[in-house]
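Beneath this line is the structure, given in structure tokens, with notes to follow.
Residue numbers (my numbering): 618 to 939.
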């Protein structure tokens, strides 16, 4: 009898050794984990928030996951067939977007999106006569082959790094991004919530470290700076005078010196400013000037202590205004 009771106790412990939670889609099973302060919490991971964009759902609006029983997200035809931003719609079903939509890699001009979409379709011998035909063909392409085809858009090394970006959508019902984020903020339509944003010093190392790992890339960057800089620093599509911006970047970050293996910090700073600081800085000042909500750069964002708005001598910060 004692053995039987012990067996029941063991079974009960095994059955209840994980947390359960009730949500609209069902009852997910989690696990108990410890925080850095050694506190035990209930953790629930890998909960589907949308149906995967595969098969007939590729390039379509995100669908809720229902009850339990990337390049693919930002392709755009520029019209109502695939207006774009399906990855953002997908994420929006799970979380409210964080960060800023003003980063140089965050949004693409409509013409660029359409051109890249047709280039992708043509590479798979899909008709580009109409958006509907093009999308129908691309839905049949193997997903792995499609994502690998991104390499066809590179003009130098891995640049432009993000050929398929979010776009401003046409005037259709339920458009996710009907206007450029800058205009949304200026018009007072931005969400009435506090803004907390920031960057980490040397964020750009994720790009510069890869370049310095291959000495031939450093040499190519220096020898062809006027051609490569607009691509790698992401102003090729937005600067009205690319040559002027390129000269000023070379002067400000590199003091017009040859770029060598000793230029690691300079190149890292340029990437950090171009890819992170520019958008975060612009977002901060737009929200300060056009909303009544609290605006807070994170304490770790040391870069925000170095520059003043408008009077900034940092060239990359001005790129979006050229």
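Note that the Cβ used here is the ideal one computed from N, Cα and C, for glycine as well.
By DSSP's assignment, residue 813 forms a beta bridge with 913. Just measuring C-alpha positions, the residue of 908, 638 and 668 sitting nearest residue 800 is 908.
Per DSSP, residue 660 is not a residue of any alpha helix (DSSP H); the beta strand (DSSP E) it occupies stretches across 657-660. With contacts defined by Cβ atoms closer than 8 angstroms, residue 901 and residue 912 form a contacting pair. When the five nearest sequence neighbours on each side are left out, the beta carbons in the same chain lying within less than 7 angstroms of the beta carbon of residue 867 are those of 842 and 873, in order along the chain. By the C-beta density criterion, residue 809 is exposed, having fewer than 16 other C-beta atoms within 10 angstroms. Judged by DSSP in its simplified three-state form, residue 728 adopts helix.
Our two residues, residue 752 and residue 746, have alpha carbons roughly 11 angstroms apart in a direct line.
Ranked by how close their Cα comes to the Cα of residue 643, the residues 678, 668, 683 and 654 have 683 in first place. Take residue 821, set aside five residues on each side of it, and the residues of its chain with a beta-carbon closer than 8 angstroms to its own are 884, 885, 886, 887, 888, 889, 890, 891, 892 and 893, in chain order. Taken through DSSP and simplified to helix, strand or coil, residue 668 comes out as coil.
Residue 797 and residue 785 have their C-alpha atoms some 6 angstroms from each other. Proximity to residue 673 across 758, 637, 661 and 729 peaks at 758, based on C-alpha coordinates. Around the beta carbon of residue 780, a 10 Å sphere encloses 16 or more other beta carbons of the protein chains shown; the residue is thus reported as buried.
Exposed is the label assigned to residue 858, since fewer than 16 other Cβ atoms lie within 10 Å of its Cβ.
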